[in-house]
Amino acid sequence: MMGNNKILIVDDDPNIRYAFVKTFEAEKVSVLQAQNGKEAIQVLKNENPQVIFLDYSMPELDGFGVMETMKEQEIDIPTIMITGVGTMQTAIKAVQLGAYEYITKPLDVDKIRILAHRAIEVFHLKERVKGLESTIQSFPQQYELVGNHPLMQEIYKKIGAVTGTPNSTNILINGESGTGKELVARAIHSHGPNRDQPFIAINCTVLPESLMESEIFGHEKGAFTGAVEKRLGKFEVAQGGTIFLDEIGDLSPNLQQKLLRVIQERNFERLGSNTSIPVEARFITSTNQDLPKAIVEGSFREDLFYRLNAITIHLPPLRERKADIPLLSNVFLQRYTDQMDNNIVDIDPKVKDLLVQYDYPGNVRELENIIKGAAMLEKSGLLRPGSLPQHIYDSPERARFVFPVKSMNWRDARRQMIQQFEKQFVTELLQQSRGNVTQAAHVAGIERQSFQRIMKKHHLFSADFKH
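Here the sequence shown stands for residues 304 to 770, numbered as in our numbering.
Structure representation (structure tokens):
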């Protein structure tokens with residue numbers, strides 16, 4: 304634990320207060336003391352501790368009274384409630400009042416150290432967030448692209464360039480599933496001159512051909528069985544705006560031919576009608592397929608392909624821009640903590656390391672779902688390793704020990720490889736045992752104390768895996 308931090312212990316038992324002083328003496332942490340609730344409130348007026356250990360049962364003003372006063376005075380400091388008897392009602396009320404943690408006597412010195420370390424970390428994270436409120440408020444919204452990687456910078460430039468082209472200029476976006484192709488299409492639309500007109504997205508994989516034709520072209524009453532009234536198609540609804548055809552490679556040959564005619568002639572007819580309706584919208588299409596290969600195989604029309612890709616934008620997979628993973632993770636965390644109204648303010652560096660090492664076959668969409676799921680599980684102020692799904696730990700990427708062999712001699716390379724092995728091995732055992740150190744040490748076949756020494760060496764805490 305870092306020095307220059309303050310802990311406030313509030314307890315009417317002088318022996319407990321003295322024990323806290325001795326516990327943190329070697330760590331150069333100042334321990335402030337208060338023997339009752341009223342004295343604690345007075346200390347908080349004059350001092351700014353980073354964490355409070357607060358006894359529940361005290362004369363005059365008990366622990367809950369202190370927490371209620373702190374809430375009224377908007378004092379936001381991680382508070383750890385201490386009680387002699389851990390009842391459900393007491394625990395629930397402590398959490399409702401915003402307690403960071405709830406522990407029972409007799410107190411475990413090691414647990415107190417770990418809790419203090421984490422609570423201080425949360426305090427500083429919250430302070431950092433307060434200082435960055437303007438940055439957080441400017442985080443991209445749901446339909447904005449995120450990324451500072453040079454590959455993304457090139458895409459931003461291309462988006463800026465194509466927004467100035469005529470609506471008749473068709474754009475093809477290619478990239479793997481989950482890379483954000485629709486976000487690019489929306490960005491082109493929202494930054495273009497027709498941003499106030501409709502953006503109509505059509506997924507070419509969802510509907511069978513018969514329904515898709517009616518969906519995009521519309522139909523007249525009586526055009527086919529079940530057509531009990533006239534319906535406008537999406538091409539007509541999109542007039543003046545943008546038509547986004549997602550996964551164009553899955554369009555049937557018949558609809559490919561009809562789409563080619565629409566793009567060439569810039570008009571279409573509703574089903575059951577001979578009246579031409581002009582198309583005054585931009586066509587943006589996307590695919591996760593290799594369309595030139597599909598042309599060779601005969602599943603995609605070559606003439607349609609050349610009509611669609613007047614301008615092509617390629618979206619890289621997330622594994623090719625891993626430097627953006629921490630930024631994306633923060634954006635997704637902010638989005639879902641706002642939606643869920645929980646108190647997560649940052650991501651543990653160990654989690655960021657794990658996230659960066661993973662290869663994301665589902666790309667940005669998969670990362671978003673991982674962060675969303677972890678945010679739902681996490682109950683502390685920090686997104687920790689135990690909240691991540693198992694497959695992040697099982698990633699083949701993590702199984703490889705990577706170090707610059709050319710710049711190392713045998714001894715240094717061996718030492719680094721052992722360190723990497725130790726950390727990965729212990730991390731995975733803790734994950735499997737849900738933070739049970741005794742069980743993890745048993746599986747490893749080593750003494751519990753030896754296992755704990757390795758944990759300490761690599762800054763691993765069992766509580767991080769208890770979910």
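For each residue, glycine too, the CB sits at the ideal point set by N, CA and C.
Would you give the residue range spanned by the alpha helix (DSSP H) that residue i belongs to?
| i | result |
| --- | --- |
| Ser517 | Glu512 to Phe520 |
| Leu658 | Pro652 to Gln660 |
| Gln642 | Ile628 to Met643 |
| Thr468 | Note, Thr468: premise wrong, no alpha helix (DSSP H); not H, not E. |
| Ile598 | Leu594 to Glu600 |
| Glu539 | Lys537 to Val540 |
| Asp606 | Glu605 to Leu611 |
| Tyr696 | Gln693 to Tyr696 |
| Ile674 | Asn666 to Leu680 |
| Val313 | Counting along the chain, Val313 falls outside any alpha helix (DSSP H), though it belongs to the beta strand (DSSP E) covering Lys309 to Val313. |
| Ala526 | It is not in any alpha helix (DSSP H) - Ala526 carries neither H nor E in the DSSP assignment. |
| Val740 | Val740 to Ala747 |
Quick check on DSSP: helix, strand or coil for residue i?
| i | result |
| --- | --- |
| Thr482 | coil |
| Met373 | helix |
| Glu623 | helix |
| Gln336 | strand |
| Asn646 | coil |
| Asp796 | One cannot answer for residue 796 here, as it falls past the ends of the chain, which runs 304 to 770. |
| Phe724 | helix |
| Gln440 | Confidence in Gln440 is poor, its pLDDT being 39 and thus under 50, which makes the residue's placement unreliable; the coordinate value appears in the next sentence. In the structure shown, Gln440 sits in a helix (DSSP, three-state: H, G or I). |
| Tyr321 | helix |
| Ala702 | Bear in mind that a pLDDT of 44 at Ala702, under 50, signals an unreliable position, so the number given afterwards is only what the model happens to contain. Correct three-state label for Ala702: helix. |
| Thr730 | helix |
| Val531 | coil |
| Phe571 | strand |
| Gly434 | With a pLDDT of only 49 at Gly434, under 50, the local geometry of the prediction cannot be trusted, and the value read off the model is given with reservation. Residue state, collapsed to three classes: helix. |
| Leu686 | strand |
| Asn557 | helix |
Nearest CA to the CA of residue i: which residue from the options?
| i | options | result |
| --- | --- | --- |
| Leu733 | Arg687, Glu375, Asp715 and Leu636 | Arg687 |
| Thr407 | Phe356, Glu731, Lys341 and Gln722 | Phe356 |
| Asn506 | Gly552, Gln735 and Arg534 | Gly552 |
| His492 | Gly543, Gly529, Met455 and Phe538 | Gly543 |
| Ile344 | Ala678, Gln376 and Asp411 | Gln376 |
| Asp656 | Asp627, Gly665 and Pro664 | Asp627 |
| Asn739 | Leu611, Asn645, Leu763 and Glu518 | Leu763 |
| Thr640 | Phe608, Leu680, Glu623 and Leu563 | Leu680 |
| Ile415 | Asn351, Ile310 and Gly495 | Ile310 |
| Glu342 | Ser333, Phe323 and Asp315 | Asp315 |
| Ser576 | Phe547, Asn612 and Gly525 | Gly525 |
| Glu523 | Gln560, Ser579 and Gln742 | Ser579 |
| Met373 | Gly387, Val412, Gly665 and Ala402 | Ala402 |
| Leu574 | Leu347, Arg604 and Leu535 | Leu535 |
| Thr468 | Glu330, His494 and Pro581 | His494 |
What are the start and end residues of the beta strand (DSSP E) that includes residue i?
| i | result |
| --- | --- |
| Arg585 | Arg585 to Thr590 |
| Pro581 | Ser579 to Pro581 |
| His617 | Ile614 to His617 |
| Pro477 | Here residue 477 turns out to be Asn, not Pro, going by the sequence shown. Start and end: Ile474 to Asn477. |
| Asn506 | Phe502 to Asn506 |
When DSSP builds the beta bridges, which residues end up paired with residue i?
| i | result |
| --- | --- |
| Met772 | This structure leaves residue 772 out entirely; the chain is present only between 304 and 770. |
| Asp549 | Asn506 |
| Leu562 | Bridge partners of Leu562: none, in fact. |
| Thr407 | Thr386 |
My guess is that residue i and residue j are in contact by the Cβ rule of under 8 angstroms, so how many angstroms apart are they, rounded?
| i | j | result |
| --- | --- | --- |
| Gln353 | Asn308 | 5 angstroms |
Would you check whether the ligand NAP has a heavy atom nearer than 7 angstroms to the C-beta of residue i?
| i | result |
| --- | --- |
| Thr590 | In terms of ligand content, the structure shown is empty, and the ligand NAP therefore cannot be addressed. |
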